[in-house]
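Contents: one structure, followed by commentary.
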Amino acid sequence: MERSLLVTVDFGKKEEWTAMERSLELGELACSAGARVIDEEVVKRHEPNSAYFIGKGKAEEIAKLCADKKVDIVIFNNDLTGTQQKNLEDVIMAKTVDRTQLILDIFAKRAHSNEGKVQVELAQLLYLLPRLTGKGIHLSRLGGGIGTRGPGEQKLEVDRRKIKARITKLKSELDDLSKRRAMMRKKRERFSLLSIAIIGYTNVGKSTLLNALTSSKVIVADKFFSTLDPTVRRFILPNKQKVLFVDTVGFLNNLPHHLIEAFKATLEEVAEADLLLHLVDISHPKAKEQAEAVYKVLEEIGVNDRPIITALNKIDKITERSVIDRTKDYFNDAIAISALKHDGFDELIKRILSYISKFMTSVSLTMPAGDSKVLNIIYENGLVTKREYSGADVHIEAELPIKVKDAIYKILDI
Ligand SMILES: Nc1nc2c(ncn2[C@@H]2O[C@H](COP(=O)(O)OP(=O)(O)OP(=O)(O)O)[C@@H](O)[C@H]2O)c(=O)[nH]1
Ligand SMILES: [Mg+2]
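Counting in my numbering, the sequence shown runs from 7 upward without gaps.
Take a look at the structure:
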């Protein structure tokens with residue numbers, strides 16, 4: 007296990023997350039990447055030093071600390087330029103990475119699907135390209151390895167061209183994948199079940215909730231970004247109405263922009279959901295700020311108009327009832343649950359039902375009894391309350407999602 011030292015710079019501005027809090031989260035990211043945190047440093051500065059970010063003197067202090075504590079890797083909490091990174095590595099004599107690189111490393115390790123892999127590689131290259139300077143990092147750094155030293159300008163030019171060509175190729179691959187997804191979605195949309203996306207900060211328990219509700223076996227771990235690929239599961243509500251639950255990648259404060267860009271296709275699953283179930287980890291000291299970070303990402307991907315149910319998870323870790331009540335109020339009548347202990351599910355499902363009913367409509371129609379395609383759609387997506395045959399026709403009364411009713415009326419030309 008790599009021994010890591012965390013460095014966070016405190017620029018003295020008043021921010022939602024203090025330097026110590028940001029350092030704590032960086033530690034969780036480092037552990038998620040498989041490193042061990044040996045020590046953390048908070049450096050106070052007015053502004054970044056262009057050559058060494060934290061200044062040469064401070065870099066030398068860190069170098070000494072690293073030698074004393076046998077540190078393999080120094081992780082900076084802020085983005086470094088290629089030059090800063092190279093200069094720091096020269097002084098510190100240990101591998102030096104920044105927060106974005108660390109996150110990209112985690113994503114690279116967790117990407118399993120073809121689409122996930124393409125998305126991560128694109129994000130890595132977009133990160134790398136502007137940093138590929140004479141003094142900066144080298145192509146071999148890709149894949150999270152140790153960077154080697156400046157390869158002459160000519161080699162760099164070749165590398166740069168190669169990377170640009172690869173970026174173009176990956177983007178077009180993602181474009182194709184995205185088009186295919188859009189087509190499938192369009193098909194699904196017309197006759198589709200209502201879908202509920204479970205969203206939230208990373209590690210709040212999204213996959214645990216999906217598993218608990220739908221008896222699935224999505225990987226759950228006390229790590230950041232356990233889930234990258236979206237998982238869709240069917241669920242039958244107590245009124246027999248079928249819905250889809252979608253579990254997807256978690257959000258993070260200051261999620262690197264390249265990642266959001268590259269993961270647009272995955273995030274489209276969230277964008278297409280009828281209803282968002284926002285999970286908040288009530289036991290986390292920064293729960294409110296985490297929620298703010300989630301709202302920010304939603305805005306960035308253009309999904310701030312969707313109805314949201316907020317559920318406070320991990321209430322089994324809270325001993326004081328008043329904390330739960332206050333937080334419920336803060337989040338506008340949120341629902342308190344424990345995905346782990348299956349607690350609060352009845353109320354959660356009741357709330358989902360009341361939202362879902364807004365997407366439903368009553369339908370009463372007479373159609374050819376032999377049209378099994380349309381009948382299937384009705385049975386699959388809605389609740390049939392009455393069915394009567396008369397001659398070659400059948401009369402149906404049902405509760406259907408509005409979008410499904412529209413699609414069926416079009417088919418039947420009503
Ligand atoms: N005590 C407690 N722990 C929980 C609860 N729900 C989830 N956890 C734990 O929280 C950790 C993260 O759970 P996950 O379900 O993997 O969280 P996630 O939101 O899917 O995380 P990512 O996919 O990494 O973004 C695991 O260790 C779970 O066991 C809960 O209700 N109570
Ligand atoms: Mg998960």
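Glycine included, C-beta positions come from ideal geometry on N, C-alpha and C.
Item	Value
Collapsed DSSP secondary structure at Ala342 in the structure displayed	strand
Euclidean distance between Cα positions of Ser146 and Ile169	Low local confidence applies: a pLDDT of 45 at Ser146 is under 50, so the model's placement there is unreliable, with the coordinate-based value given in what follows. Straight-line Cα distance between these residues: approximately 12 Å.
Whole-angstrom distance between Leu261 and Gly151, CA atom to CA atom	Confidence in Gly151 is poor, its pLDDT being 40 and thus under 50, which makes the residue's placement unreliable; the coordinate value appears in the next sentence. If I take the Cα positions, the gap works out to 22 Å.
Continuous alpha helix (DSSP H) assignments of at least 4 residues falling wholly in the segment 38-89	62-75
Close Cβ partners of Arg105 (< 6 Å) along its chain, the five nearest in sequence each way excluded	Asn83
C-beta contact flag for Leu86 and Asp45 at 9 Å	no
Cα-Cα separation, Val265 to Ala299	Looking at the sequence shown, residue 265 is not Val but Leu. Roughly 15 Å between the two C-alpha positions.
Residue from Arg312, His348, Arg327 and Ile321 with nearest C-alpha to Phe365	Arg312
Where Glu21 falls, given that 16 or more other Cβ within 10 Å makes a residue buried	exposed
Gly206 beta carbon less than 9 Å from that of Asp287	yes
Proximity of Trp23 and Glu278 at Cβ, strictly below 9 Å	no
Where His263 falls, given that 16 or more other Cβ within 10 Å makes a residue buried	exposed
Any non-hydrogen atom of ligand 2 within 8 Å of Asp104 CB	no
Spatial distance of Asp280 from Ser198 (CA atoms)	11 Å
Unbroken stretches of the beta strand (DSSP E), 3 residues or longer, contained in the segment 362-404	366-374 and 389-396
Three CB pairs or more closer than 8 Å across the segment 387-406 and the segment 370-377	yes
Val13 (DSSP reduced to helix, strand or coil)	strand
Range of the contiguous beta strand (DSSP E) that encloses Asn319	Ile314 to Asn319
heavy atom of ligand 1 below 8 Å from Leu346 C-beta	yes
Through-space distance from Glu27 to Leu35, alpha-carbon basis	13 Å
Beta-carbon proximity of Ile202 to Ser213, cut-off 9 Å	no
Any non-hydrogen atom of ligand 2 within 8 Å of Ile109 CB	no
Any non-hydrogen atom of ligand 1 closer than 8 Å to Leu219 Cβ	no
Alpha carbon of Val103 to alpha carbon of Val80, nearest angstrom	6 Å
Inter-residue CB distance, Arg239 and Leu216 (contact presumed, cutoff 8 Å)	6 Å
Ala342 vs Leu359 beta-carbon contact at 9 Å	no
Extent of the continuous beta strand (DSSP E) to which Gly206 belongs	Leu200 to Gly206
For Thr237, the residue or residues it bridges with in DSSP	Asp253
Close Cβ partners of Thr208 (< 6 Å) along its chain, the five nearest in sequence each way excluded	Phe230, Phe231, Gly256 and Leu258
Opposing strand residues paired with Leu283 [DSSP bridges]	Ile204 and Ile315
Neighbourhood of Ala271 by C-beta distance below 8 Å, restricted to the same chain and skipping five residues each side	Glu121, Gln125, Leu180, Leu183, Ser184 and Arg187
Closer than 8 Å: Leu354 CB and nearest ligand 1 heavy atom	no
Selected residue, minimal CA-CA separation from Glu31, among Asp16, Val49, Lys19 and Leu12	Leu12
Contact belief for Thr220 with Thr254 at Cβ below 8 Å, rounded distance in angstroms	About 15 Å; that fails the 8 Å criterion.
C-alpha distance - Thr237 paired with Leu283, whole-angstrom precision	15 Å
beta-carbon Val252 near ligand 2 non-hydrogen atom, thresh 8 Å	no
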